[in-house]
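Structure record follows, encoded as structure tokens.
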Amino acid sequence: MISLDGRDVRVPLELSSDVVVVGSGPAGAMVARTLARRGIGVLVVEEGPFVTPAEMPADSFSAMASLYRDMGASLMLGAPPMPFVQGRVVGGTSVVNGAISWRLPEDVHREWVAADPALSDALPYRELDALFDEIEADLGIHPTEAEIAGPNNLLLAKGAEILGLEHRPISRNVRGCRGLGRCLQGCPEGNKTSMDRSYLPDAVRHGARIVCNVEVTRVVHEQGRAVGVEGVTPSGARVRIRASRAVVLAASAVQSPVLLIRSGLQQGPVGRGFSAHPGAAVAGRFREPVRLWEGATQGHEVIGLRKERLKFEALGYDMTLVAARTKGVGASLVRDLEDLAHFANWGVAVRARAEGVVRAGPKRAIVTYSLEREDLRTTARGVKVLCEMMLAAGAEAVFPGIYGWPERVTERTALADLPAPSDPNAYTMAVTHMFGTCRMGSRPADAVVGTDFQHHAIEGLYVADSSVFPTNTGVNPQTSILALAAMCARHVAAR
Ligand SMILES: Cc1cc2nc3c(=O)[nH]c(=O)nc-3n(C[C@H](O)[C@H](O)[C@H](O)COP(=O)(O)OP(=O)(O)OC[C@H]3O[C@@H](n4cnc5c(N)ncnc54)[C@H](O)[C@@H]3O)c2cc1C
Ligand code: SF4
Numbered sequence: 005m006i007s008l009d010g011r012d013v014r015v016p017l018e019l020s021s022d023v024v025v026v027g028s029g030p031a032g033a034m035v036a037r038t039l040a041r042r043g044i045g046v047l048v049v050e051e052g053p054f055v056t057p058a059e060m061p062a063d064s065f066s067a068m069a070s071l072y073r074d075m076g077a078s079l080m081l082g083a084p085p086m087p088f089v090q091g092r093v094v095g096g097t098s099v100v101n102g103a104i105s106w107r108l109p110e111d112v113h114r115e116w117v118a119a120d121p122a123l124s125d126a127l128p129y130r131e132l133d134a135l136f137d138e139i140e141a142d143l144g145i146h147p148t149e150a151e152i153a154g155p156n157n158l159l160l161a162k163g164a165e166i167l168g169l170e171h172r173p174i175s176r177n178v179r180g181c182r183g184l185g186r187c188l189q190g191c192p193e194g195n196k197t198s199m200d201r202s203y204l205p206d207a208v209r210h211g212a213r214i215v216c217n218v219e220v221t222r223v224v225h226e227q228g229r230a231v232g233v234e235g236v237t238p239s240g241a242r243v244r245i246r247a248s249r250a251v252v253l254a255a256s257a258v259q260s261p262v263l264l265i266r267s268g269l270q271q272g273p274v275g276r277g278f279s280a281h282p283g284a285a286v287a288g289r290f291r292e293p294v295r296l297w298e299g300a301t302q303g304h305e306v307i308g309l310r311k312e313r314l315k316f317e318a319l320g321y322d323m324t325l326v327a328a329r330t331k332g333v334g335a336s337l338v339r340d341l342e343d344l345a346h347f348a349n350w351g352v353a354v355r356a357r358a359e360g361v362v363r364a365g366p367k368r369a370i371v372t373y374s375l376e377r378e379d380l381r382t383t384a385r386g387v388k389v390l391c392e393m394m395l396a397a398g399a400e401a402v403f404p405g406i407y408g409w410p411e412r413v414t415e416r417t418a419l420a421d422l423p424a425p426s427d428p429n430a431y432t433m434a435v436t437h438m439f440g441t442c443r444m445g446s447r448p449a450d451a452v453v454g455t456d457f458q459h460h461a462i463e464g465l466y467v468a469d470s471s472v473f474p475t476n477t478g479v480n481p482q483t484s485i486l487a488l489a490a491m492c493a494r495h496v497a498a499r
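Per the working numbering, residue 5 is the first one in the sequence shown, and the count goes up by one each step.
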């Protein structure tokens, strides 16, 4: 599938194409596939390696090292300090994600249009809906079957049902999933329809080329027009790629603004307005074995508190990660480690109100992001609900993971009066969904790209990823990113 591997390039190289796409995650793959199917020449440049299903590592440590950016531990500065997790591989973060598929909720779309009425024509919901239909058919998106769910998912269903919270099996982009619980390390059987297994091969069948292991360092622009990109291979060789029609940035909501800034393009609020869904996780010990490393990695969700900006999901990890997350000391720690098979793990994603900033550091992006007081209260409420669901489902003990709260809770009544700590450092959280750093909008002063996804100041330069989203979405973003990227590609094709 790969035309050129940057590891084989040790001398300066010049390439050219109609369109250059930077990044091969959902946004880049969809743009490449849409354009290639229209007969337009496309060259996708990806910083990460190409990895086949058979090469996907079983353990988290090796997966983090080979498939993730910065060992999966890129750090945001702020309170609390949080890692932001991203894939760095052909297929982008879709290779290591949970395959959870959600349409952009209509209420979120209404918020976008209310804030900028021009988005009503630019992103009509009925067109998005038609794209969601196509994407769901292309990627085999369907609810997780009970036979492959495994206890970690089924217990979440039980807990939510007892508490009367709306819940359902997660719709995922998988075909022939056997519930091997390895989505976050890359599916070893290629059963997840991540971009390397779906839209990228389709793009290549229609003539697109993919270059891997080349990091794009800047967008080349002349007299207000994008004419290509410059990049570098692991050995330091320079690669210059000319684009006769357009350059499309699809490098993610962190890396796309960094590329603009490094290219001297400071138009609009570039890098500002970073928003996210910080997540916290709760572990619970059950009498019966849960074996959370088996079954669909993320197969069940609780959606009844979405209006409170909370969404809950079962979380499957490999054994090493479960062990690393086990709390306590001495004999109780030893006993819990011996009993790892009895632990369940569920997470809550918060639609945080906080906004942060992405800047270009000398070597990597610098992300500054601190949660607001209200976000901390929402998180504490979400953690409490997770604990309540676990206890309702039959957990002997739950481990809330908030500093200042009891380490282990065995009764629901013990949760009732626990106050939300106001110190952000009491919370352990991570971010996997990011948005808003090159916002779309009709007014150049408030937006980086226009309603046609084109940069307000540079002709022929487009941004296709979730950087352009006006806000976070409160739901898993991959399907929304795919749909908006398809719309971006239509504009590129029409120029
Ligand atoms: C562990 C995890 C689980 C997740 N689970 C889900 C889920 O179940 N459902 C869901 O909807 N979302 C999920 N997400 C989020 C989702 O995967 C991302 O929102 C989505 O992949 C973002 O798409 P993207 O194309 O914008 O960026 P990415 O998928 O991050 O792709 C960007 C690509 O660009 C490359 N790149 C960056 N900079 C450069 C450069 N300078 N030169 C060349 N290449 C570059 C990167 O290496 C990367 O491969 C998850 C995320 C994580 C981390
Ligand atoms: S749960 Fe297992 S089999 Fe299913 S897609 Fe994920 S890794 Fe593949």
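Just so you know, even glycine gets a beta-carbon here, dropped at the ideal spot from N, CA and C.
In terms of residues, what are the limits of the beta strand (DSSP E) holding K315? Segment L314 to A318, the beta strand (DSSP E) holding K315.
Under 8 Å between C-beta atoms of S21 and L47: The answer is yes: Cβ separation under 8 Å.
For S470, which residues from the same chain have a beta carbon less than 6 Å from its beta carbon, with the 5 sequence-adjacent residues on both sides left out? If we look at S470 and ignore the five residues flanking it on each side, its Cβ neighbours are A257, F439, P481 and I485.
Is the distance from the Cβ of V435 to the Cβ of A247 below 8 Å? No; because the gap between Cβ atoms is not below 8 Å, this pair is not in contact.
Going by the DSSP bridge assignment, what does T372 pair with across the sheet? Beta-bridge partners assigned by DSSP to T372: L81 and V361.
Is the closest heavy atom of ligand 1 to the C-beta of T477 under 7 Å? Incorrect: T477 has no Cβ contact closer than 7 Å to ligand 1.
Quick check: is any heavy atom of ligand 1 less than 7 Å from the C-beta of A424? At a threshold of 7 Å, A424 does not count as near ligand 1, since its beta carbon sits no closer than that to any of the ligand's heavy atoms.
Round the Cβ separation of G95 and S198 to the nearest angstrom and send it over; I've been treating them as touching at under 8 Å. Right, the Cβ-Cβ distance comes to about 5 Å (below 8 Å), so this counts as a contact.
Straight-line Cα distance separating E234 from P84: Our two residues, P84 and E234, have alpha carbons roughly 36 Å apart in a direct line.
Name the two residues that bound the continuous beta strand (DSSP E) containing H146. From DSSP, the beta strand (DSSP E) with H146 extends over I145 to P147.
Three-pair Cβ contact test at 8 Å for the stretch 357-366 versus the stretch 404-419: These segments do not touch.
Starting from the Cα of R503, find the closest Cα among G405, T432, A424 and A399 and give me that residue. An answer regarding residue 503 cannot be provided, because it is not within the stretch 5 to 499 covered by the chain.
Given a threshold of 16 other Cβ atoms within 10 Å of its Cβ, counted over all protein chains shown, does K311 qualify as buried or as exposed? So K311 ends up on the exposed side.
Would you grab the beta carbon distance between V496 and A250 for me? Rounded to a whole angstrom, and I think it's under 8 Å. Between A250 and V496 the Cβ distance is about 5 Å, and since that is below 8 Å, they are a contact.
Hey, could you find the ends of the beta strand (DSSP E) L465 is sitting in? For L465, the enclosing beta strand (DSSP E) stretches over residues L465 to V467.
Going by the beta-carbon positions, is the gap between E50 and V215 smaller than 8 Å? Taking 8 Å as the Cβ cut-off, E50 and V215 qualify as a contacting pair.
Given a threshold of 16 other Cβ atoms within 10 Å of its Cβ, counted over all protein chains shown, does P155 qualify as buried or as exposed? Its Cβ being crowded by 16 or more others within 10 Å, P155 is buried.
R443 to F290, Cα distance in whole Å? Straight through space, the alpha carbons of F290 and R443 are spaced by roughly 45 Å.
heavy atom of ligand 3 below 7 Å from R92 C-beta: This structure does not include ligand 3; its bound ligands are ligand 1 and ligand 2.
Per DSSP, which residues does A287 bridge with? Please list them. N349 and F403.
Cβ pair count under 8 Å reaching 3, the stretch 31-38 against the stretch 54-62: Flag = no, the stretch 31-38 and the stretch 54-62 do not touch.
Is E193 close to ligand 2? I mean its beta-carbon at under 7 Å from any heavy atom of the ligand. Between ligand 2 and the CB of E193, the shortest heavy atom gap is smaller than 7 Å.
Should D322 go down as buried or exposed, given a rule of 16 or more other Cβ atoms within 10 Å for buried? It is buried - the Cβ of D322 has at least 16 other Cβ atoms within 10 Å.
Rank G272, G232, P273 and H113 by C-alpha distance to the C-alpha of L127 and give the top, closest one. The option with the nearest alpha carbon to L127 is H113.
Could you check whether the stretch 418-430 touches the stretch 456-464, counting it as contact only if at least three pairs of C-beta atoms, one from each stretch, sit closer than 8 Å? Judged by Cβ distances under 8 Å, the stretch 418-430 makes no contact with the stretch 456-464, as fewer than three pairs qualify.
Which term fits E342, buried or exposed, when burial requires 16 or more other beta carbons within 10 angstroms of its beta carbon? Exposed: under 16 other Cβ atoms inside 10 Å.
Under the three-state DSSP convention, the category P16 falls into: Of the three classes helix, strand and coil, the one that applies to P16 here is coil, per DSSP.
Taking all protein chains shown into account, do 16 or more other C-beta atoms lie within 10 angstroms of the C-beta of E110, making it buried, or fewer, making it exposed? By the Cβ neighbour-count rule, E110 is exposed, with fewer than 16 other Cβ atoms within 10 Å of its own.
Boundaries of the beta strand (DSSP E) in which N177 is found, first to last residue: Start and end: S175 to N177.
Hey, out of L158, P448, L253 and R130, whose CA is closest to E298's CA? Its Cα nearest to that of E298, the residue L158 stands out among L158, P448, L253 and R130.
Go ahead and pull the three-state DSSP assignment for L8. In the structure shown, L8 sits in a strand (DSSP, three-state: E or B).
Three Cβ pairs or more, each shorter than 8 Å: is that satisfied between the stretch 345-352 and the stretch 379-398? With the cut-off at 8 Å, the stretch 345-352 and the stretch 379-398 touch.
Do L204 and M5 have their C-beta atoms within less than 8 Å of each other? Yes.
When you compare the CB positions of A255 and G27, do they come within less than 8 Å of one another, or not? Yes, the Cβ-Cβ distance between A255 and G27 is below 8 Å.
In or out: K315 buried (at least 16 other Cβ within 10 Å) or exposed? By the neighbour-count rule (16 or more Cβ atoms within 10 Å), K315 is buried.
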